[in-house]
Amino acid sequence: MGRSEELFCEAVELIPGGVNSPVRAFGSIGGTPRFIDHADGACMTDVDGVTYLDFIGSWGPMILGHNHPEIRKSVEEACKKGLSYGAATEKEVVMARLICEIVPSIEMVRMVNSGTEAVMSAIRVARGYTGRNKIVKFMGCYHGHSDAMLVKAGSGVMTSGIPDSAGVPAGCTQDTLSANYNDLGSVESLFSEFGEEIAAVIVEPVGANMGVVPPKQGFLEGLRSLCTKYGTLLIFDEVITGFRLGIDGAQGYYGIQPDLTTFGKIIGAGMPVGAYGGKKEIMRHVSPVGNVYQAGTLSGNPVAMAAGITQLTILRDHPEIYRELNEKSDWFFEELSRIVREAGKPWQVNHVGSIGTIFFTDQPVTDYASAKTSDTAKFAEYFHYMLDHKIHLGPSQFEAMFLSAAHTKAQLQQTLDVIKEYIK
Ligand code: KE4
0 MGRSEELFCE
10 AVELIPGGVN
20 SPVRAFGSIG
30 GTPRFIDHAD
40 GACMTDVDGV
50 TYLDFIGSWG
60 PMILGHNHPE
70 IRKSVEEACK
80 KGLSYGAATE
90 KEVVMARLIC
100 EIVPSIEMVR
110 MVNSGTEAVM
120 SAIRVARGYT
130 GRNKIVKFMG
140 CYHGHSDAML
150 VKAGSGVMTS
160 GIPDSAGVPA
170 GCTQDTLSAN
180 YNDLGSVESL
190 FSEFGEEIAA
200 VIVEPVGANM
210 GVVPPKQGFL
220 EGLRSLCTKY
230 GTLLIFDEVI
240 TGFRLGIDGA
250 QGYYGIQPDL
260 TTFGKIIGAG
270 MPVGAYGGKK
280 EIMRHVSPVG
290 NVYQAGTLSG
300 NPVAMAAGIT
310 QLTILRDHPE
320 IYRELNEKSD
330 WFFEELSRIV
340 REAGKPWQVN
350 HVGSIGTIFF
360 TDQPVTDYAS
370 AKTSDTAKFA
380 EYFHYMLDHK
390 IHLGPSQFEA
400 MFLSAAHTKA
410 QLQQTLDVIK
420 EYIK
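At position 392 of the sequence shown (counting the first as 1) the number is 391 in numbering that gives the first Met the number 0, and the numbers step up by one without a gap.
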């Protein structure tokens, strides 16, 4: 028995499912999760000394690759000054200014500790600001595990096949309305019925938690105009797309200004960081200046800020990183599509920039229902074939592949060669 198996046997007795986040348990694809010892660049090495080319990238944060020397140095330096004070620091001002300068729609921002916390807080601010209760979300979109968002969610909820979660009282979700992604008509119907009761529409501007599902032409624009018409806030959940598609995220990539934006992942560079922000007129409703309460012991933690500031600064000052990453990613996913097509397989490949998914279905994947037609057993077989060839994908059909600046063309070509072998 290898060390991962030993650790997993022990872990399942101590931690639910042996993991601290469900998707890591390999539940939908079977087998033993690899316990990782260290990571560097585009690779991670497990406790049995096996090194894998990594396409999880910590589910998004590692856009510059693992163990980036400048990020590591800034964390080491910050640690020497103490880990946390529970008091204001200059680093929080630097981070806030970075985000406000970079993201078109943000004039004021609050740091939190996860994407879940960012979304939960943004929803509360939207309700406090509008005085309304109802929230529209989209089936297959995942916005973290706060109660009101666990309705037809994506990611781990979709992976485990639980459309809703136990332990969430009806009262917490009675004001959460579900619409179909890429289906403006389903949103118009909700507005016709609930119109000025709707506080916010929250959307992943690129769906990435039912696998990657790009917005159809006009979808985001339609949401923007519906929200403006009804005085509803448009919330872009950019926990994945923020600083991923480009320095100004999906809102820059698609040219749409949301009223509030949530962030996570990349802004922490692997440390636990989330954030939410928007126009001052809205954000001034947040405590202590406003009447919408939100707080956090480790929010704006100086060590986490050091990591995030360094990563965002590198990304801001080196636009060639995005140009090269997106060119490399377009090439990779287009090559993957070509391989699938030439092998006569009906499967679908969706991607936007450096996130993408191969869906084992013959239907174009444009929403939750079409994503669900994917053959998850086939995905499991594919996943393990790749793992056996030292390529570690995300262990779920309904997640994205994350490419990074550290992935070389040769490593990506090697990945395509292995996929080609699998497919033939
Ligand atoms: P966290 O609370 O996990 O930091 O962020 C929640 C969240 C919010 N919004 C979006 C669009 C997200 O993708 C996420 C979290 N993403 C998943 C991966 N699909 C996290 C992986 C996991 O749950 O372990």
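Just so it is clear, CB atoms sit at the ideal spot from N, CA and C, and this is done for glycine as well.
Computed from a predicted model, the values in this text were never measured in an experiment.
Please classify residue i: is it buried, with 16 or more other beta-carbons within 10 angstroms of its beta-carbon, or exposed?
| i | result |
| --- | --- |
| I134 | buried |
| P162 | Confidence at P162 is low in this model, with a pLDDT of 47, below 50, so its placement is unreliable and the value that follows should be read with caution. Per the 10 Å Cβ criterion, exposed. |
| E116 | buried |
| G160 | Residue placement at G160 cannot be trusted, given a pLDDT of 43 that sits under 50; the coordinates are not used to answer. |
| L259 | buried |
| E396 | Reading the sequence as shown, one finds Gln at residue 396 and not Glu. Burial call: buried. |
| Y292 | exposed |
| V118 | buried |
| E100 | exposed |
| D45 | buried |
| F7 | buried |
| E9 | exposed |
| A169 | exposed |
| A95 | buried |
| G347 | According to the sequence shown, residue 347 is Gln rather than Gly. Classification for Q347: buried. |
Measuring alpha carbon to alpha carbon, tell me which of the options ends up nearest residue i.
| i | options | result |
| --- | --- | --- |
| Y412 | I320, F382, A125, E334 | It is Gln, not Tyr, that sits at residue 412 in the sequence shown. When each option's Cα is compared against that of Q412, the closest is E334. |
| V92 | E326, P318, A305, G355 | A305 |
| S20 | L97, V200, S57 | S57 |
| N349 | M209, Y252, G295 | M209 |
| I281 | S104, G114, E12 | S104 |
| S369 | G139, S3, A87, G1 | G139 |
| V417 | V339, G352, V351 | V339 |
| D361 | S373, S353, T312 | S373 |
| L311 | A199, C226, S73 | S73 |
| Q216 | G230, Y384, D182 | D182 |
| H284 | F331, R126, L225 | R126 |
| G277 | P257, K419, G263 | P257 |
Whose C-beta lies closer than 8 Å to the C-beta of residue i among residues of the same chain, with five residues either side of it excluded?
| i | result |
| --- | --- |
| A41 | L52, D53, G64, H65, S403, A405, H406, T407, Q410 |
| G176 | It is worth fixing the name first, because residue 176 is Leu in this sequence and not Gly. The answer, listed in chain order, is K133, I134, V135, K136, L189, F193, I197. |
Counting only the same chain and skipping the five closest in sequence on each side, list residues whose C-beta sits under 6 Å from that of residue i.
| i | result |
| --- | --- |
| N449 | With the chain running from 0 to 423 in the structure shown, residue 449 is simply not present. |
| Y321 | G245 |
| T414 | I390 |
| G152 | Note that residue 152 is Ala in the sequence shown here, rather than Gly. Result list for A152: Y141, in chain order. |
| C226 | V200, L233 |
| T129 | A198 |
Sort out for me which residues DSSP pairs residue i with in a bridge.
| i | result |
| --- | --- |
| T50 | T44 |
| S177 | K136 |
| G355 | H350, M400 |
| H65 | G40 |
| I197 | K133 |
| L233 | V200 |
| Y275 | R109, T261 |
For residue i, which residues of its own chain have a beta-carbon under 7 Å away from its beta-carbon, when the five flanking residues on both sides are left out?
| i | result |
| --- | --- |
| R342 | Per the sequence shown, the amino acid found at residue 342 is Ala instead of Arg. The residues are I422, K423. |
| S298 | M110, V111, N112 |
| A249 | P204, V205, F235, E237, T240 |
| D36 | T44, D45, V46 |
| R223 | L233, I255 |
| A24 | G16, G17, V18, P32 |
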